[in-house]
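>
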Amino acid sequence: AQTVTQSQPEMSVQEAETVTLSCTYDTSESNYYLFWYKQPPSRQMILVIRQEAYKQQNATENRFSVNFQKAAKSFSLKISDSQLGDTAMYFCAFMKQVKPGNQFYFGTGTSLTVIP
Amino acid sequence: DTGVSQDPRHKITKRGQNVTFRCDPISEHNRLYWYRQTLGQGPEFLTYFQNEAQLEKSRLLSDRFSAERPKGSFSTLEIQRTEQGDSAMYLCASSSTWLAGGHSYNEQFFGPGTRLTVL
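And the structure:
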């Protein structure tokens, strides 16, 4: 079975500072995808960043980047130059491809508060 | 088409009643997912459709739950004889898959959810 663990239930960061959210996962699959989703208060979940397991290069999307350590099964999210709009729940997710479809597994989330 | 929509956004019902939720995916997406999210938890997978075919069902989906996706467009999730433990946010997501460089890619887009409260 696949599990996704986010060990930081809550975090806070000063505006303009950098913060790193942790995520570990457990799988025996070799081909899979990892995601970070953001869920602002009372708003819908949106994709922040995606990493394909076969890629060694860490994904980057503007102020968001990941540190993907495949051997350690670790997938952390770094948010640079934090903004007030980054305040949200962040979920780490794992996807494996199971023909004919795929299966997603989510962590329990990290609540991030950006302090002005 | 601006995204995945869900209706209703909120539903309050009494224990034992039946409820039905609707999800309208992004029009060109052939895959549709239902999740349940309780307070302080991440989404838990319930079921998955590819076009009109229901291909995956979680063990969380008891026989009181049924989902359909007629004609491969919108989907409905029905809960019969609701229980207080069914209170949760029910999320719908849709996706399409594309191929590049010998690999397939899949990105889910989530709807705003339906918050169910069973009294």
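Chains as they are written, first to last, in this note's numbering: chain A, 1 to 116; chain B, 1001 to 1119.
All C-beta atoms in this analysis are idealised placements derived from N, C-alpha and C, irrespective of residue type, glycine included.
Since the model is a prediction, treat every value here as computed from it, not as a measurement.
For the beta strand (DSSP E) holding residue 72(A), just list the boundary residues, first then last.
It is not in any beta strand (DSSP E) - residue 72(A) carries neither H nor E in the DSSP assignment.
> Considering Cα atoms alone, identify which of 1040(B), 1116(B), 1053(B) is closest to residue 1088(B).
1116(B)
> Considering Cα atoms alone, identify which of 1082(B), 1096(B), 1119(B) is closest to residue 1027(B).
1096(B)
> Given that a residue counts as buried once 16 or more other Cβ atoms are within 10 Å of its Cβ, and exposed if not, what is residue 72(A)?
By the Cβ neighbour-count rule, residue 72(A) is exposed, with fewer than 16 other Cβ atoms within 10 Å of its own.
> May I ask you to verify whether the stretch 71-86 of chain A touches the stretch 13-33 of chain A, counting CB pairs closer than 8 Å and requiring at least 3?
yes
> Grab me the residues of residue 40(A)'s own chain with a C-beta within less than 6 Å of its C-beta, minus the 5 sequence neighbours each way, in chain order.
Closer than 6 Å at the Cβ level, and outside the excluded window around residue 40(A), lie 88.
> Quick one: does residue 1056(B) have its CB under 8 Å from some CB of chain A?
At least one chain A Cβ lies under 8 Å of residue 1056(B).
> Using beta carbons (cut-off 8 Å, strictly below), is residue 1072(B) in contact with chain A?
no
> Tell me which residue opens and which closes the beta strand (DSSP E) that residue 11(A) is part of.
10-14
> Among 1020(B), 1041(B), 1108(B), 1031(B), which one has its Cα closest to the Cα of residue 1078(B)?
1020(B)
> Touching or not, the stretch 63-80 of chain A and the stretch 36-50 of chain A, by the rule of three or more beta carbon pairs under 8 Å?
They touch, by the three-pair rule.
> Residue 1022(B) and residue 1074(B) look like a contact to me (Cβ under 8 Å); what is the Cβ gap, rounded to whole Å?
6 Å
> Quick check on residue 1081(B): buried or exposed, where buried means 16 or more other Cβ atoms within 10 Å of its Cβ?
exposed
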